[in-house]
Every structure is written in C-alpha cells, then in structure tokens.
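Here the protein sequences line up with chains A and B, keeping their order. Sequential numbering from 1 applies to the first sequence in my numbering. Sequential numbering from 250 applies to the second sequence in my numbering. C-beta atoms are modelled at their ideal positions from N, C-alpha and C, and glycine is treated no differently.
Number of protein chains: 2
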Amino acid sequence: MLNERSLSVAPDCNDCPIRHRAVCARCESDELERLEQIKYYRKFEAGQSIIWAGDRMDFVGSVVSGIATLSQAMEDGRTQMVGLLLPSDFVGRPGRNTAAYDVVATTDVVMCCFRRSPFEDLMTRTPHIAQRLLEMTLDELDAAREWMLVLGRKTAREKIASLLSIIARRDATLNKRGAAAGPIVFDLPLTREAMADYLGLTLETVSRQISALKRDGVIQLEGKRHVTVPDMSRLMDEAGDDADGGLLV
Amino acid sequence: MLNERSLSVAPDCNDCPIRHRAVCARCESDELERLEQIKYYRKFEAGQSIIWAGDRMDFVGSVVSGIATLSQAMEDGRTQMVGLLLPSDFVGRPGRNTAAYDVVATTDVVMCCFRRSPFEDLMTRTPHIAQRLLEMTLDELDAAREWMLVLGRKTAREKIASLLSIIARRDATLNKRGAAAGPIVFDLPLTREAMADYLGLTLETVSRQISALKRDGVIQLEGKRHVTVPDMSRLMDEAGDDADGGLLV
DNA sequence: GCCGGGCTTTGACGCAGATCAACATAAGGC
DNA sequence: GCCTTATGTTGATCTGCGTCAAAGCCCGGC
C-alpha cells in the first residue's frame, strides 16, 4: 500500500497531483488504476471563468498548476472571495450537481478532472478516498474560519498583513522551501481588486495599506507585484497573530 | 441496512442523535452497536466553557440539546464567533488532538461524546461514518463561506437581518415546522454581545439596528428576546439575499 | 514612435459604524 | 423592600474606510 512517504518511489504517480496530493495518497494500486481511467485534463487561460455559480457541475477535480479563485457575488455586484485555489487544492462537491460559487482562473490554470458520477462510485467503494477528502475539507473549514476572524475583526492594515503572510507561507511550502530565516521573496498572484475582494475592502484601501507597509519598512516592493519581506515575524506581528499560532490556509 | 427514511422503525435509535442525525444514519446494526459501546453523555451549564482553544481534546461528539458557540479570540480581546452549534451539530476533528477554538455553552447543553481514538478506529472500519462526516463537514464549509460574504460585504443592517433569517430558519427546521406562510415566531438564543461577535459588530450597533428593524416594522419585539417576523420575505430582502437562494447554515 | 486600456497610486471628502458615556430594565440575593 | 449585577438602549462624538475623482505607469497593438 502506498502512503505519503512512499510516493517518490511510485514513478508514474508524478504527473497527476490528484493521486498523491489530493485524493488518494493511500489507495491500493488497482484503485489508482480506476482513478486513472476516469481522469482528464482541462486548461484555462488567465481571466477565464471555470465555473459559474448555479451551473450544472458534472466534474470534480484539483488544480495542477496556476491559481484560481472561488467567490460569491450579491445582485448589486458586491463580491466576496471565499477561497483561493492553489496547486493540489480540490474543487467540487461529491453529491451536489450545481456549483455554489464562481470559480475564475487568475493565472493560466491546468486542472485534473474526474467525471462526477464515476468518481462518486469510486468513493463509495474506496474508503480511503472519502477519508482523504474529509481531511482536506476539514483543513479548508479551518482556513475559512481563520478568514472569518480576519474579515470580522481585523483592521485594513492587519488584513493586508494577514494576506501577505498567508501567500508567503503557501508559496514557501509549494516551493519546498522550509521556514528559512532571512528575507522572504514572492510575487503577488492577485490584482489589488482581487485582494480587496478577498479581504472585504476596496481596491483603493488595499493600495493605500500596501503603500503604508512599504513606507514603514515592513515590506519592500519591486514593481507592483514583487514583494520582499525582510522580517517575517514583524509582518506576522502586523497581522495581529500570535507569532507561531496558525494561519491554516 | 438502515437509511434516513427507515429510522422511525428502529425504536432504540431515538435517544442519541449521533446515530441518526449526525454520524451514522446508514450504518449496519453491528456498527451502531459499537458506536453505542463507546458513547457517553456530558452536561454543561449556560455560560460554561466546554473546551478552550489549545486544550487537549480527547473526544468528539454532537450536541443533543441546547446551544453552544465556537469562537476564536485575538490577544487583545477581539473575538469572532466562527460557528453556532445547534442540536445534531458535530464537534471535534478526527485526527487532531488539540482544540482549535473556544467552545462555550450559551444555554444548558447536553452533548453525546465518543472517546476520540476508538471513534477513529471505528471510522476507518466503517466507510459510511467517514462519508457522513464528509457530508456534514461540506455543509459546514458552505455555511462558513456564506458567512464570509456576510462579514466582508454586508452592512450592519443586512448583517442583523441575515442572522435573524438564519435563526428563524434553523429554529423552524428543528421544530419540524415547514416553511409555513404567516408570521414566524422565535426566541433569540444569543445576547447582543454574542450576536456582535458573530457579525463582526459592536453590541451597541447590534442594539441600534435591531431597534431600527423594529421601528420599520420588519420585526416585532416582545421583551428583549422574543421575536415575531410578520413577513419572512421582507426580512430576507433586508438581508440582501436573493429570495430563495440559500443561507446554508 | 504614438495611442489605448488595464492596473495602480494618491488626494479630498463624507459617512457608517466604533467609541465613550449615561441611563433603563430585569433578575437574584439578602 | 433594597442593593447588586448582567443585559440592553440611546445619545454624542470620533475615525477608519468607502466614495469620487484625477493622474501615473506599463504593456501591447499599430
């Protein structure tokens, strides 16, 4: 049986994150085979809508590369982002056939998809898939609740610092860099408007607060998107989090 | 095999909501039996803390009666509620041994608990339990995301109307009343301060907005807590939701 | 080169909701 | 009865962020 530690020895597992990261890290090889038979890839361009809320949704899948956002809108246009999909994140809900949120590709995106009903069949037959999905969903729930604190109780400056912390952290884990001491460097994958939608702010406020953090030396900016964080603990301080405690995104 | 429709014919299933509402509506009877063997009840008084964030957490369970809240706090005291636990709601996370949030009994509460490790063992052996928990967790995730829109983008008045809608709706389903036309009546289970913590407001603003909704005839108040909603669709209008669309709490 | 359209920054001003403060009401305890 | 404490209401004032507006930057097309 495979487990997360032994993945590197399963050579043909590397082209599809679904298998080893998202869904079935612990599946028997014949289960992997069945997953393999129903999977397919889809590509989306930056800015393209992947799913509209309310649409019929006949697949589930996970992000292979690129970044997508998950958001909901009120009739008058107010928009709140409710999730940020990075590589290995899962989209779709077994047992529901319409999408609850808009999913938009922020950069070029490749997704690994499974038609929903065969996937559901497979899930009922292979307990590990349901357990892995449960684990992932609980992580997402924790992340959502962390965001509720950000949205409900933090100031604009703290919100921006929180977002930067999270992006820095996720970027570090994606690139396999540990919690290296010293400056942290990354590119913002979102426009000011997308950040505003994530944080419940306006794009003007986002811009002003980023300028303020730059002026105060908390971050350095090169161009509009390239960020250097000279002192990560300073940034987390600005975010209002206890130093080690955890943003779980 | 039992299913949700056949529960009423399983006479000894009625004293523990875990079995038929929360965890294992579709379990074989011997699985029910094993759940039965590891379950126990705990009672809490109104105002009492059930769990502190960071505590060791050696059980999972579900609310049998009463109302509890799930919240997180910053060091400076700012508090955000991230969940409202009504009867049949599940608490605890298989696979994690410390609590992530404070859980507080708002009214007197009875919980049905299972020690964590035997519950986890049972879960790996009985796929339906993991699948049922996945379903419940996905519902909670939807509710959390719905709440992110409320926190991030709604005005104080809309926030209050949203909360009242949700309480009215959950109260109706708990009491098996359908979507009866005509006035809806319920008691607020939360103090003004708890509502403020739920909505990311101050208690003064909560009080003022409730007074405003009363002045404008959207609700009627008897005492501080007893609410009558003469026209539910008017209330949902005030909440800024499309009439049928869904607050999923 | 010039032009046009995203994206971003910055300024001026106004308002929704926070803050500070006083008072009202109701429930226990004695 | 009175006093205390928890809870809720209302008013006056302050402020952080939204709104409106103008201009800068950068890239891609022609």
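Contact list for the stretch 378–391 of chain B against chain A, Cβ threshold 8 Å
A379, Q380, L382, L383, E384, T386, L387, E389, L390 and D391
T69/A beta carbon less than 8 Å from that of A194/A
Within the first sequence, the letter at position 194 stands for residue 194/A. Within the first sequence, the letter at position 69 stands for residue 69/A. Against a cut-off of 8 Å, the Cβ pair of T69/A and A194/A comes out as a contact.
For G47/A and A99/A, believed in contact at Cβ under 8 Å, the rounded distance:
Taking the first residue of the first sequence as 1, we reach residue 99/A at position 99. Taking the first residue of the first sequence as 1, we reach residue 47/A at position 47. So it is not a contact: roughly 18 Å between Cβ atoms.
Boundaries (first-last residue) of the beta strand (DSSP E) holding E264/A:
Missing from the structure shown is residue 264/A; chain A here goes from 1 to 249 and no further.
Unbroken alpha helix (DSSP H) run spanning S197/B, endpoints:
No information on residue 197/B is available, as it lies outside the stretch 250 to 498 that chain B covers here.
Given A461/B, which residues of its chain have a CB within under 8 Å of its CB, disregarding the five upstream and five downstream residues?
By 1-based counting over the second sequence, the position of residue 461/B is 212. For A461/B, where only same-chain residues beyond five positions count, the Cβ hits under 8 Å are R406.
At which residue ranges does the stretch 331–362 of chain B contain complete beta strand (DSSP E) runs of 3 or more residues, listed in the order of the chain?
351–354
Bounding residues of the beta strand (DSSP E) (the contiguous stretch that carries E471/B)
In the second sequence, counting from the first residue as 1, residue 471/B sits at position 222. It spans Q469 to E471 - the beta strand (DSSP E) in which E471/B sits, taken as one unbroken run.
Using a Cβ-Cβ cutoff of 9 Å, what residues of the stretch 321–352 of chain B are near chain A? List them in chain order.
Q321, A322, M323, E324, D325, R327, T328, Q329, M330, V331, G332, R342, P343, G344, R345, A349 and Y350
Mind the definition here: the stretch 414–423 of chain B touches the stretch 450–465 of chain B only if three or more C-beta pairs lie below 8 Å; say whether that holds.
no
Please report how far the alpha carbon of Y447/B lies from the alpha carbon of E36/A, in whole angstroms.
Numbered from its first residue, the second sequence carries residue 447/B at position 198. Numbered from its first residue, the first sequence carries residue 36/A at position 36. For Y447/B and E36/A, the distance between alpha carbons rounds to 44 Å.
The alpha helix (DSSP H) that contains L448/B, what's its start and end?
Walking along the second sequence from the start, residue 448/B turns up at place 199. Counting along the chain, the alpha helix (DSSP H) containing L448/B begins and ends at R441 to L448.
Using a Cβ-Cβ distance cut-off of 8 Å, determine whether R145/A contacts chain B.
Against the first sequence, residue 145/A aligns to sequence position 145. Yes, its Cβ sits closer than 8 Å to a Cβ of chain B.
With three or more C-beta pairs closer than 8 Å as the rule, is the stretch 71–78 of chain A touching the stretch 125–138 of chain A?
no
Are any of the Cβ atoms in chain B nearer than 8 Å to that of L149/A?
The sequence position of residue 149/A within the first sequence is 149, counting from 1. For L149/A, the answer is yes, since a Cβ of chain B falls inside 8 Å of its Cβ.
Do M306/B and A144/A have their CB atoms nearer than 8 Å?
Here the question's residue 306/B lines up with position 57 in the second sequence. Here the question's residue 144/A lines up with position 144 in the first sequence. Cβ atoms of M306/B and A144/A: not closer than 8 Å.
What does the Cβ neighbour count give for T404/B, buried or exposed, with the cut at 16 atoms within 10 Å?
In the second sequence, counting from the first residue as 1, residue 404/B sits at position 155. Exposed.
Which of helix, strand or coil DSSP assigns to D171/A
As a first step, residue 171/A must be located in the first sequence, where it is residue number 171. Three-state DSSP puts D171/A in a helix.
So which of P367/B, V331/B, L390/B and G431/B has the shortest CA-CA distance to G152/A?
Locating residue 152/A in the first sequence gives position 152, counting from the first residue. With distances taken between Cα atoms, G152/A lies closest to V331/B.
So, are the CB atoms of M123/A and G489/B less than 8 Å apart?
Position 123 of the first sequence, counting from 1, holds the residue named residue 123/A. Position 240 of the second sequence, counting from 1, holds the residue named residue 489/B. It is not a contact, given that the beta carbons lie outside the stated cut-off.
Whose C-beta lies closer than 7 Å to the C-beta of K159/A among residues of the same chain, with five residues either side of it excluded?
Within the first sequence, the letter at position 159 stands for residue 159/A. So the qualifying residues of the chain are V150, L199 and L201.
Coil, strand or helix - D58/A by DSSP
Position 58 of the first sequence, counted from the first residue, corresponds to residue 58/A. Coil, per DSSP.
Does the beta-carbon of D121/A have 16 or more other beta-carbons within 10 angstroms, so that it is buried, or is it exposed?
Reading the first sequence from its first residue, position 121 is the one you call residue 121/A. It counts as exposed.
Under 8 Å between C-beta atoms, does T170/A make it to chain B?
Locating residue 170/A in the first sequence gives position 170, where the first residue counts as 1. One point to set straight first is that residue 170/A is Arg, not Thr, in the sequence displayed. It does not: the Cβ of R170/A has no partner Cβ on chain B nearer than 8 Å.
Nearest candidate by alpha-carbon position, reference I219/A, set P87/A, V185/A, L190/A and A196/A
Residue mapping note: residue 219/A aligns to position 219 of the first sequence, counting from 1. For I219/A, the nearest C-alpha among the options comes from V185/A.
Helix, strand or coil: which one does DSSP assign to K292/B?
Along the second sequence, one-based indexing puts residue 292/B at 43. Three-state result, K292/B: strand.
Looking at chain B, is there any beta carbon in it that lies within less than 8 Å of the beta carbon of R153/A?
For the purposes of this step, residue 153/A is taken as residue 153 along the first sequence, with counting starting at 1. Closer than 8 Å: yes.
Compare the beta carbon distance of F59/A and V109/A with 8 Å and say whether it is the shorter of the two.
As a position in the first sequence, residue 59/A is number 59, starting the count at 1. As a position in the first sequence, residue 109/A is number 109, starting the count at 1. No. Outside cutoff.
Cβ closer than 9 Å: which chain B residues qualify as neighbours of P189/A?
Taking the first residue of the first sequence as 1, we reach residue 189/A at position 189. Under the 9 Å cutoff, chain B gives no residues; its nearest Cβ is about 19 Å from P189/A.
Minimum C-alpha distance to D436/B - residue among C361/B, K473/B, L333/B and H377/B:
On the second sequence, residue 436/B is found 187 positions in, with the first residue counted as 1. The candidate whose alpha carbon is nearest that of D436/B is K473/B.
Continuous alpha helix (DSSP H) stretch holding I210/A: start and end
Walking along the first sequence from the start, residue 210/A turns up at place 210. Segment L203 to R215, the alpha helix (DSSP H) holding I210/A.
Can you give the beta carbon distance from G310/B to C362/B, rounded, assuming they're within the 8 Å contact cut?
Numbered from its first residue, the second sequence carries residue 310/B at position 61. Numbered from its first residue, the second sequence carries residue 362/B at position 113. Sure, about 4 Å apart at Cβ, within 8 Å.
Using the beta-carbon of each residue, which ones in chain A are nearer than 7 Å to G489/B?
As a working mapping, residue 489/B is identified with position 240 in the second sequence. What G489/B touches in chain A: M74.
So, at 8 Å on beta carbons, what are the nonlocal neighbours of K466/B in its own chain, with the 5 sequence-adjacent residues on each side left out?
Taking the second sequence and counting its residues from 1, one reaches residue 466/B at position 217. Note that residue 466/B corresponds to Gly in the displayed sequence, not to Lys. Cβ within range, chain order: P479.
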